[in-house]
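When you read off a place in the sequence shown, starting at 1, and then add 816, the result is the number in this note's numbering.
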Amino acid sequence: MKVSLLKENLRSKKISPKEILEDYFKKAKDINADINCFIKLEEEYTYSHLDFDNYEDNLSFIPGVIKDNINIKNTITTAGSQILKNYKSPYSATVVKKLGNFSLIGKGNMDAFAFGSSTENSGYGPTLNPLDKNKVPGGSSGGVAAAVMAGASAFGIGTDTGGSVRQPASFCGIVGLKPTYGLCSRYGLIAMGSSFDVPGILAEDVLDTAIVLNSIAGFDIKDSTSIKVKKEDYTKFKDVKNKKVGILKFPKEGISEDVLNAFDETIDLLKKSNIDIVEIDMKYISHSLAVYYILVPSEISANMARFDGIRFGYHPKGEFKDLLNFYKDARSEFEDEVKRRIMIGAYTLSQGYYDAYYNKALRVRNIIKQEFKDVFGKIDFLLSPTTPTLPFNIGEKTKDPLSMYLSDIFTVPVNLVGYPSISIPNKKIGNLFSGLQIISRPFEESNLLSFSYFLENKLWK
Ligand code: GLN
């Protein structure tokens, strides 16, 4: 059920918090048995932690799923990796604290350490797409998206480093918001690429997304990259009809016919609604994926150093001839994609190659930032498909990491520049959906959500 409706039913006493819990845990168990969307259900934790008298928080009693790379005090937080299977969080992430008295249904399945686009890299088995169980739900927040689509939770919190909220939202037919870098605190998120990561929201519609953003946005002294902005009510949608909309010009090869047609139809619909549209040709954006897959693994290899079996992670027992053998044993618990990313990052940061790869990529990142700035001097929103294809089959891309990386072609540029963007369902195609991505200027989430709400109504009502 939608967050907005649950809030209404709680207010009018049509439903009690206990009824919500009973109903959702029952559903969540069945759904989980079917599609493996949770790494752990948190029934015991939630019954003992929820304050049954506190109706005051924005999300009091609303059932949510939290991606398992976000710390919640006294719960096991695995980040989807076997290396953390026994790791109990000593503290809660700021976003979790800001959700207040919500009902935690479970921890969402994910690609280990958020490295992936299909949730097949999880150390706890893949999640299946609830719309078609032969398909992937997207990733890395695939468990969260699947749980929300299947009705095991009303909303979810994921993380987005290169598309991990928007891409699974698109694959599961729901809404996914990646806020501006700095709007929502990263404190308590298990870091992937620290200059890219943001917590994000997955929900059934734009209004629910705005309700959740009202809770999690805001400055946090514990995150040095958090920015002070004035508090807004994101559910107060504004009139956006006179805004200028850009349509991203992109090469058509590799983009499926279904996706292209759905996108073109939406552009036509906008034109008919007298929206001011211009085509935007960006010269440097095509380098985004290459830049991302140098900078992010570099940051990953630095961030992953703490999982050495001493500071964090599986601690091997027994006698070791030397430290190297100890490390080898501890870090053998890493999943394959984790090892791959650490190796790429160690290489791009190594003495002989640092300038050729890491520094060069940083420079290109700045050029892309400047290009975004120029473009957003002329337009208010930039539209593209969210993903180049509809959800692919389970197993289809696991042997070919490069084709997996290509599924982020539309989402990755936004993380390079820190802008906010959202994916909303664009069109139903068979049982599946294709997604529409909308990007706006930094810290203009209020406009972004207003325009998304307008489009959602045009497309679906
Ligand atoms: N799929 C992308 C990657 O593998 C993005 C992941 C993410 O946003 N966490 O890097």
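The C-beta atom is built at its ideal place from N, Cα and C for all residues, glycine as well. It should be emphasised that the depicted structure is a prediction, and the values quoted were computed from it without experimental measurement.
- Item | Glu1149 to Gly880 span [Cα, whole Å] | Counting from one through the sequence shown, the residue named residue 1149 turns up at place 333. Counting from one through the sequence shown, the residue named residue 880 turns up at place 64. One C-alpha to the other measures close to 29 Å.
- Item | Ala1007 beta carbon near the ligand GLN (any heavy atom closer than 7 Å) | To locate residue 1007, count along the sequence shown from 1; it is residue 191. No, Cβ of Ala1007 sits at least 7 Å from all heavy atoms of the ligand GLN.
- Item | Ordered list of beta strand (DSSP E) runs contained in the segment 972 to 1008, each at least 3 residues | 991 to 994
- Between Asn885 and Thr943, is the Cβ-Cβ spacing less than 8 Å? In the sequence shown, the residue the question calls residue 885 occupies position 69. In the sequence shown, the residue the question calls residue 943 occupies position 127. No, they are not a contact pair.
- Stretch pair the segment 918 to 933 + the segment 960 to 975: three plus CB contacts closer than 8 Å: Enough Cβ pairs lie closer than 8 Å, so yes.
- Should Ala1121 go down as buried or exposed, given a rule of 16 or more other Cβ atoms within 10 Å for buried? Residue 1121 sits at position 305 when you count from the first residue of the sequence shown. Counting other Cβ atoms within 10 Å of its Cβ, Ala1121 stays below 16 and is therefore classed as exposed.
- Message: Quick check: is any heavy atom of the ligand GLN less than 7 Å from the C-beta of Ser1031?
- Response: Locating residue 1031 in the sequence shown gives position 215, where the first residue counts as 1. Every heavy atom of the ligand GLN is 7 Å or more from the Cβ of Ser1031, so no.
- Task: Using a threshold of 8 Å, state whether the C-beta atoms of Asn874 and Ser1031 are closer than that.
- Result: In the sequence shown, residue 874 corresponds to position 58, counting from 1. In the sequence shown, residue 1031 corresponds to position 215, counting from 1. Contact flag set, yes.
- Say the cut is 7 Å; is the CB of Pro820 nearer than that to a heavy atom of the ligand GLN? Residue numbering aside, residue 820 sits at position 4 when the sequence shown is read from its first letter. The sequence given here has Ser at residue 820, not Pro. No.
- Item | Ser934 vs Val952 beta-carbon contact at 8 Å | Position 118 of the sequence shown holds residue 934. Position 136 of the sequence shown holds residue 952. Yes; because the gap between Cβ atoms is below 8 Å, this pair is in contact.
- Item | Identified DSSP bridge partners for Glu1095 | The residue given as residue 1095 occupies position 279 in the sequence shown. For Glu1095, which the question treats as bridged, DSSP gives the partners Ile1063.
- Message: Please state the DSSP three-state secondary structure of Ala1078.
- Response: Counting from 1 along the sequence shown, the entry for residue 1078 is found at position 262. Helix.
- With DSSP as the reference, please indicate the residues paired to Ala781 in a beta bridge. Nothing about residue 781 can be read from this structure; the chain reaches only from 817 to 1277.
- Among Asn1247, Phe1267, Glu1261, Asp1124, which has the Cα closest to the Cα of Met965? The residue labelled residue 965 in the question sits at position 149 within the sequence shown. For the residues Asn1247, Phe1267, Glu1261, Asp1124, the minimum Cα distance to Met965 belongs to Asn1247.
- State the DSSP-derived secondary structure class of Asn937, mapped to helix, strand or coil. Locating residue 937 in the sequence shown gives position 121, counting from the first residue. Residue state, collapsed to three classes: coil.
- Quick one: what's got a C-beta closer than 6 Å to Ser1117's C-beta in the same chain, skipping five residues either side? Against the sequence shown, residue 1117 aligns to sequence position 301. Counting only Cβ-Cβ distances below 6 Å, and skipping sequence neighbours, we find Ile1158, Gly1161, Ala1162.
- Taking 7 Å as the cut-off, is the CB of Ala928 close to at least one heavy atom of the ligand GLN? Working through the sequence shown from its first residue, we reach residue 928 at position 112. For the ligand GLN, not one heavy atom lies less than 7 Å from the Cβ of Ala928.
- Message: As an exercise, report each continuous beta strand (DSSP E) stretch of at least 3 residues that is fully enclosed by the segment 1175 to 1240, in chain order.
- Response: If we require 3 residues or more, the beta strand (DSSP E) runs fully inside the segment 1175 to 1240 come out as 1197 to 1201.
- Backbone CA spacing between Glu1115 and Thr977 [nearest angstrom]: Reading the sequence shown from its first residue, position 299 is the one you call residue 1115. Reading the sequence shown from its first residue, position 161 is the one you call residue 977. In a straight line, the C-alpha of Glu1115 is about 11 Å away from that of Thr977.
- Message: Can you check which of these residues, Pro1015, Lys1099, Ser1010, Ser938, is closest to Leu1064 by C-alpha distance?
- Response: Taking the first residue of the sequence shown as 1, we reach residue 1064 at position 248. Minimum Cα distance to Leu1064 is reached at Lys1099.
- Task: With Leu1265 as the anchor, note down where its beta strand (DSSP E) starts and where it stops.
- Result: Looking up residue 1265 in the sequence shown gives position 449. Note, Leu1265: premise wrong, no beta strand (DSSP E); alpha helix (DSSP H) at 1261 to 1276.
- Between Gly941, Ala928, Asp869, Tyr840, which lies nearest to Gly1211 when the distance is taken from Cα to Cα? Here residue 1211 is taken as the residue at index 395 of the sequence shown, counted from 1. Restricting attention to Gly941, Ala928, Asp869, Tyr840, the CA atom closest to the CA of Gly1211 is found in Gly941.
- Task: Just tell me which of Ser1166, Val1014, Phe1249, Asp1024 has its CA closest to the CA of Gly1204.
- Result: For the purposes of this step, residue 1204 is taken as the residue at position 388 of the sequence shown. Rather than Gly, the amino acid found at residue 1204 in this sequence is Pro. Pro1204 has its Cα closest to that of Phe1249, out of Ser1166, Val1014, Phe1249, Asp1024.
- Take every Cβ of the segment 996 to 1010, pair it with every Cβ of the segment 843 to 855, and state whether three or more of those distances are shorter than 8 Å. no
- Going by the C-beta, is Asp850 closer than 7 Å to any heavy atom of the ligand GLN? Here residue 850 is taken as the residue at index 34 of the sequence shown, counted from 1. No; taking the cut-off as 7 Å, the Cβ of Asp850 has no heavy atom of the ligand GLN nearer than that.
- Which residues DSSP lists as bridging Leu1252, in chain order: Reading the sequence shown from its first residue, position 436 is the one you call residue 1252. Pro1201, Ile1240, per the DSSP bridge assignment.
- Message: Please list the terminal residues of the continuous alpha helix (DSSP H) segment that includes Ser1011.
- Response: For the purposes of this step, residue 1011 is taken as the residue at position 195 of the sequence shown. No alpha helix (DSSP H) holds Ser1011; DSSP gives it neither H nor E.
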